[in-house]
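A.B. asks: Quick one: structure below, then a few questions.
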Amino acid sequence: KDIRQQIEDAQIDSADQLEQFRMAYISRKSVIAELFEGMKTIPAEDRRAMGAELNTLKNLAENKFKEKQAWIEEQSLSAQQAAPVDLTLPVYPNELGSVHPLTLVRNRIIEIFGRMGFAVADGPEIEDDWHNFAALNFAENHPAREMQDTFFIRKTDNPADDLLLRTHTSGVQVRLMEKQKPPIRAIMPGRVYRNEAISARAHCFFHQVEGLYIDTNVSFRDLKNTLYYFVKEMFGNDVKVRFRASYFPFTEPSAEMDISCLICKGDGCQMCKHTGWVEILGSGMVDPNVLTNCGIDAEKYTGFAFGMGIERITNLLYQVRDLRLFSENDIRFLRQFGGIS
Ligand code: PHE
Numbered sequence: 006k007d008i009r010q011q012i013e014d015a016q017i018d019s020a021d022q023l024e025q026f027r028m029a030y031i032s033r034k035s036v037i038a039e040l041f042e043g044m045k046t047i048p049a050e051d052r053r054a055m056g057a058e059l060n061t062l063k064n065l066a067e068n069k070f071k072e073k074q075a076w077i078e079e080q081s082l083s084a085q086q087a088a089p090v091d092l093t094l095p096v097y098p099n100e101l102g103s104v105h106p107l108t109l110v111r112n113r114i115i116e117i118f119g120r121m122g123f124a125v126a127d128g129p130e131i132e133d134d135w136h137n138f139a140a141l142n143f144a145e146n147h148p149a150r151e152m153q154d155t156f157f158i159r160k161t162d163n164p165a166d167d168l169l170l171r172t173h174t175s176g177v178q179v180r181l182m183e184k185q186k187p188p189i190r191a192i193m194p195g196r197v198y199r200n201e202a203i204s205a206r207a208h209c210f211f212h213q214v215e216g217l218y219i220d221t222n223v224s225f226r227d228l229k230n231t232l233y234y235f236v237k238e239m240f241g242n243d244v245k246v247r248f249r250a251s252y253f254p255f256t257e258p259s260a261e262m263d264i265s266c267l268i269c270k271g272d273g274c275q276m277c278k279h280t281g282w283v284e285i286l287g288s289g290m291v292d293p294n295v296l297t298n299c300g301i302d303a304e305k306y307t308g309f310a311f312g313m314g315i316e317r318i319t320n321l322l323y324q325v326r327d328l329r330l331f332s333e334n335d336i337r338f339l340r341q342f343g344g345i346s
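What follows is the structure, given as C-alpha cells:
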C-alpha cells in the first residue's frame with residue numbers, strides 16, 4: 006500500500022527525476038523487483054494474492070513512467086523550437102590552411118614589380134634547347150648544356166632537338182620577345198630544375214622570378230633603380246645593397262646584387278658565410294645577340310634583365326635555414342606562416 010502511494014505521489018518533472026523513478030520502481034534492482042524476489046519465501050497460499058498485488062504495482066509504475074517519459078520528450082522538443090539557432094554564437098572552429106611561404110613571397114614580389122608596371126608572364130616547364138640555351142647566347146659547349154647540370158627529357162647529337170626541364174625561367178623572356186614588340190616590361194615567376202644533390206642549401210628544383218624590361222633608351226641606371234626599389238620594398242629601408250660585376254651569357258655587362266645580411270645584421274653568420282652580405286640576384290643589360298635572336302632591333306632597343314630565387318628571399322625574410330623544409334609538407338613548419346598575407 007505504501008509503495009502504491011509512493012508511486013502515485015512521485016514527482017517527475019525532469020529527465021533526472023524520470024531516471025530516479027525508473028531505478029526505484031522499474032529496474033531490476035527496484036523495490037518491486039525485490040518484492041517479486043521475496044515471493045519465493047512466503048507460504049504458497051499467499052503467493053497468488055501477493056503476485057496479483059505486485060503486478061498491479063508494476064503496471065502502475067510502468068504506465069506512469071511511459072506517460073511521464075512522453076511528456077518530458079514533448080517538453081524538450083518544444084523548448085528546442087522556442088529557442089532557434091543563435092546566429093551570434095562563434096562559428097565552429099574550422100582548421101584553415103595557410104598560404105605556402107614561397108607563394109606568400111612570390112605574391113609580394115609580383116605586387117612590388119606590379120607597382121612599377123611589370124606584368125606577369127608564364128611559360129612551359131619543359132623547354133627546348135632554343136628557349137633555354139641557344140637563343141640566350143649560351144655557347145655550344147657551355148657546361149649547363151651537360152647532363153650533370155640539367156635534366157634532359159630528350160638528349161640527342163643535335164642540341165636543337167633536345168628537350169629538358171628548364172633550368173631558369175629565361176625561356177619565358179625569349180618567348181615574350183619573340184611574340185611581343187617593345188616596350189616589354191614583365192616578370193616571370195616559376196619553378197626551375199637543376200641536377201643538384203639535395204641538401205639544406207641546394208635542391209633539384211626551386212623557384213625563380215626573372216624580369217625583363219626592353220624599350221628605347223633603357224640603361225643600367227634603370228636596372229639599378231628598379232632593383233633598389235624592389236629591395237627596399239621587400240626588406241625595408243635599412244638594408245644595404247651592393248653590385249658585383251659578374252658574367253651571364255645573355256647579359257652584358259652583368260652584375261650580381263648582394264644585400265646586407267638581415268639575420269646577423271652584418272656581423273657574420275651561416276647565412277652570409279660570415280661576410281655580412283648575401284647574394285640575392287643576377288642581372289645585366291640584355292646582350293644585343295639575344296635581342297637579335299628574338300627578332301628585336303638591337304640598334305633601336307636596349308633592355309635589362311634580372312633573376313632571383315624565391316627560396317633565397319624567403320629564407321632571408323623568415324630565417325629559414327633549410328631549403329628542404331619548403332617541399333616536405335611538414336605542418337609544423339607551414340603552420341607558422343598562417344595569418345601572414
Ligand atoms: N637566368 C639566370 C639564372 O638562372 C638569372 C639571370 C636572369 C641573370 C637575368 C641575369 C639576368 O641564374
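When we follow full-length UniProt numbering, the leftmost residue of the sequence shown carries the number 6, and every step to the right adds one.
We put the CB at the ideal spot given by N, CA and C, even for glycine.
#1: Just to confirm, does E132 get its C-beta within under 8 angstroms of one of the non-hydrogen atoms of the ligand PHE?
#2: Around the C-beta of K73, are 16 or more other C-beta atoms found within 10 angstroms, so that it is buried, or is it exposed?
#3: At what residue ranges does the region 24 to 48 contain a whole run of the alpha helix (DSSP H), taking only runs of 4 or more?
#4: Between E100 and the ligand PHE, is there a pair consisting of the residue's CB and a ligand heavy atom that are separated by less than 8 angstroms?
#5: Which residues mark the beginning and the end of the beta strand (DSSP E) in which F253 is found?
#6: Please name the residue or residues paired with L217 in a DSSP beta bridge.
#7: The ligand PHE and G312: does the residue's C-beta get closer than 8 angstroms to at least one heavy atom of that ligand?
#8: Could you tell me the boundaries of the beta strand (DSSP E) in which D263 lies?
#9: What is the DSSP secondary structure of residue 348, reduced to helix, strand or coil?
#10: Please indicate yes or no: does the CB of V223 lie closer than 8 angstroms to some heavy atom of the ligand ATP?
#11: So who's on the other strand from M290, going by DSSP bridges?
#12: When we look at the beta-carbon of G195 and count the other beta-carbons within 10 Å, is it buried (16 or more) or exposed?
#13: Is A54 buried or exposed, if buried means 16 or more other CB atoms sit within 10 Å of its CB?
#14: Within 10 angstroms of the Cβ of R317, are there 16 or more other Cβ atoms? Answer buried if so, exposed if not.
#15: Roughly how many angstroms separate the alpha carbons of residue 2 and V236, rounded to a whole number?
#16: Is V295 near the ligand PHE, judged by its Cβ being under 8 angstroms from some heavy atom?
#17: DSSP state of L168, grouped into three classes?
C.D. replies: According to the structure shown:
#1: Answer for E132: no, Cβ out of range of the ligand PHE.
#2: By the neighbour-count rule (16 or more Cβ atoms within 10 Å), K73 is buried.
#3: 36 to 43
#4: No - the ligand PHE has no heavy atom lying nearer than 8 angstroms to the Cβ of E100.
#5: V246 to F253
#6: A191 and A310
#7: Result yes, Cβ under 8 angstroms from the ligand PHE.
#8: Where D263 is concerned, the enclosing beta strand (DSSP E) stretches over T256 to S265.
#9: Nothing can be reported for residue 348, as the shown portion of the chain is limited to 6 through 346.
#10: You won't find the ligand ATP in this model; what it holds is the ligand PHE.
#11: F309
#12: Answer is buried; the Cβ neighbour count reaches 16.
#13: exposed
#14: buried
#15: The requested residue 2 is not part of the displayed model; the chain covers only 6 to 346.
#16: no
#17: strand
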